[in-house]
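Protein sequence lines, in the order shown, are assigned to chains A and B. Remember, this note's numbering sits 105 above the position in the first sequence when you count from 1. Remember, this note's numbering sits 105 above the position in the second sequence when you count from 1. To keep things clear, I will list the structure first and then write my remarks on it.
There are 2 protein chains.
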Amino acid sequence: MTMKLFDSLLSPYAGRVRLAIYAKGLEVEFIMPQTEAAATLPSYTPISKLPTMLHDGHVLPESEVINEYLEDIGTEPSLRPSDPILCARMRLLTRIGDLYIMYPMGELFGQISPVDRDQMKVDEQMVELAKGMSWLDHYLDGTSYAIDNRLTLADCALVPALFFYEQIGPMFGMVAPLKKYPKIEAYFKGIKENPHAARVLKEIDAALQKMMAGG
Amino acid sequence: MTMKLFDSLLSPYAGRVRLAIYAKGLEVEFIMPQTEAAATLPSYTPISKLPTMLHDGHVLPESEVINEYLEDIGTEPSLRPSDPILCARMRLLTRIGDLYIMYPMGELFGQISPVDRDQMKVDEQMVELAKGMSWLDHYLDGTSYAIDNRLTLADCALVPALFFYEQIGPMFGMVAPLKKYPKIEAYFKGIKENPHAARVLKEIDAALQKMMAGG
């Protein structure tokens, strides 16, 4: 049974799942926002967020749940190391991305407009974000992959997160926002050479350009 | 090599890990806050949050990373189903607990004092929390365990979260805060019969009483 993914080219969470799908070469029917099919999402799950996967009669919300599921059903190549310590490191990096980088960035996205900006909230979230980035920098080794010298679920989570970090930084006065984090900078430069990561980055970038142009 | 856990009886995240540890009967050295040993935590990880585990020369921050690691190294009984769909359901429930219940509750904890309460923030977070609870209610089946009729990592995450939900509700004017969620209510009543869940709940409750008494 073909997998279906309620997708969005603008969502870093959907990008995380597409990166895994591309790396595995899976056949998936992508359901894009504002289509007739997309409108059926709430009938599958009350969470009703993108991405959500349908597979084999099952409904799978939440990007990380989907990516771990793709591992659990044995799709190849595996993007999850079998060594428990490497696997824990992978999940730690993924969680740093979700809780300590994506979360404050989500709050900052709500403050992009300088007109009704809540500067206290911005300052708070910038401190949180800097903390998350310093933790990520600590746990990366400066090579082109988050762990194990190959693509894993940690890269799937981090690549879209760092794309948005580079976008949002300058909106809040940061110049060259990755400069302060040499290992993250080297990692993000290196991972762009991976064709699947490059493909997802290109898709998100194009969708963002289109949105900014009002398209 | 003995496992060590930087622990706190008041932390729902530490409680999540202790629940897994108790269910597995693991020998662990618990390092309690305000001890000399506890002060060494920042030398192990810049994240420096509770809980953090030390095992075999490795440092493991983040409760869910620790719990998945305990599964990956094969400790028994397993608290993670091998069926991919059940496993995805388990991780979905865990994530609902973390992102959509614990997160807004964390924000509400910052607003407990009625004196300098930001009512707009409270209202916002109460809406988020109600959303998270309704999703949890949707995905539980009303039995005594989150999935699979046995203790899993989903229960480890949900038991401390629901304990704090019952505490924080009345502080913001909710009467019998679980009444609106019949499946969660039945679940939380049932899971308390599990001896390991009961033990963790008793520990958190005692620590909270002690803190409230200024001890």
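Note that CB positions come from ideal geometry on N, CA and C, so glycine has one too. Bear in mind the structure is a predicted one, so any value in this text is a computation, not a measurement.
Quickly, what does DSSP pair residue i with across the bridge? List them, please.
i                      : result
residue 182 of chain A : Paired residue(s): none; residue 182 of chain A is not in a bridge.
residue 134 of chain A : A/109
With a cut-off of 8 Å on the beta carbons, I'd call residue i and residue j a contact; round off their distance for me.
i                      : j                      : result
residue 117 of chain A : residue 269 of chain A : 6 Å
residue 238 of chain B : residue 286 of chain B : 6 Å
residue 147 of chain B : residue 110 of chain B : With 8 Å as the limit, residue 147 of chain B and residue 110 of chain B do not qualify as a contact, their Cβ atoms being about 16 Å apart.
residue 266 of chain A : residue 217 of chain A : Going by Cβ atoms, the distance from residue 266 of chain A to residue 217 of chain A rounds to 17 Å, so no, they are not a contact pair.
residue 125 of chain A : residue 213 of chain A : About 26 Å separates the two Cβ atoms, so there is no contact after all.
residue 316 of chain A : residue 131 of chain A : That belief does not hold up - the Cβ atoms of residue 316 of chain A and residue 131 of chain A are roughly 27 Å apart, past 8 Å.
residue 277 of chain A : residue 227 of chain A : 6 Å
Does the Cβ-Cβ distance between residue i and residue j come in under 9 Å?
i                      : j                      : result
residue 113 of chain A : residue 138 of chain A : yes
residue 295 of chain B : residue 249 of chain B : yes
residue 169 of chain B : residue 196 of chain A : yes
residue 190 of chain A : residue 174 of chain B : yes
residue 154 of chain B : residue 167 of chain B : yes
residue 308 of chain B : residue 120 of chain B : yes
residue 129 of chain A : residue 181 of chain A : yes
residue 106 of chain B : residue 162 of chain B : yes
residue 204 of chain A : residue 203 of chain B : yes
Excluding the 5 residues preceding and the 5 following residue i in the sequence, name in chain order all residues of the same chain whose CB lies nearer than 7 Å to its CB.
i                      : result
residue 183 of chain A : 176
residue 219 of chain A : none
residue 274 of chain B : 282
residue 302 of chain B : 124, 260, 264 and 296
residue 230 of chain B : 209, 212 and 213
Closer than 8 Å by C-beta to residue i: which residues in its own chain qualify, once you throw out the five before and the five after it? Chain order, please.
i                      : result
residue 290 of chain A : 283 and 284
residue 372 of chain A : Summary: the structure shown does not reach residue 372 of chain A, with chain A confined to residues 106 through 320, and so no result is reported for it.
residue 198 of chain B : 241, 244, 245, 251, 252, 259, 262 and 263
residue 247 of chain A : 287, 288, 291 and 292
residue 330 of chain A : Residue numbering for chain A in the displayed model covers 106 to 320; residue 330 of chain A lies beyond these limits and cannot be assessed.
residue 311 of chain A : 114
residue 143 of chain A : 111, 136 and 137
residue 319 of chain B : none
residue 298 of chain B : 249
residue 145 of chain B : none
Sorted by chain position, which residues of the same chain lie with C-beta nearer than 6 Å to residue i's C-beta, five sequence neighbours on each side aside?
i                      : result
residue 135 of chain A : 110 and 112
residue 160 of chain A : 108
residue 242 of chain A : 286, 288 and 289
residue 186 of chain B : 192 and 253
residue 49 of chain B  : There is no way to answer for residue 49 of chain B, as the model of chain B reaches only from 106 to 320.
residue 171 of chain B : 122, 158 and 165
residue 234 of chain B : 209
residue 149 of chain B : 164
residue 313 of chain B : none
residue 194 of chain B : 252
So within the region 158–226 of chain B, which uninterrupted alpha helix (DSSP H) runs reach at least 4 residues, ignoring any that extend past its ends?
The region 158–226 of chain B contains these whole alpha helix (DSSP H) runs: 168–177, 189–200 and 208–214.
Of all the beta strand (DSSP E) runs that stay within the bounds of the region 278–316 of chain B, which reach a length of 3 or more residues?
Counting only runs of 3+ residues, no beta strand (DSSP E) is found wholly inside the region 278–316 of chain B.
At 3 residues or longer, what runs of the beta strand (DSSP E) sit wholly inside the region 222–262 of chain B?
Listed in chain order, nothing qualifies, since the region 222–262 of chain B has no complete beta strand (DSSP E) run of 3 or more residues.
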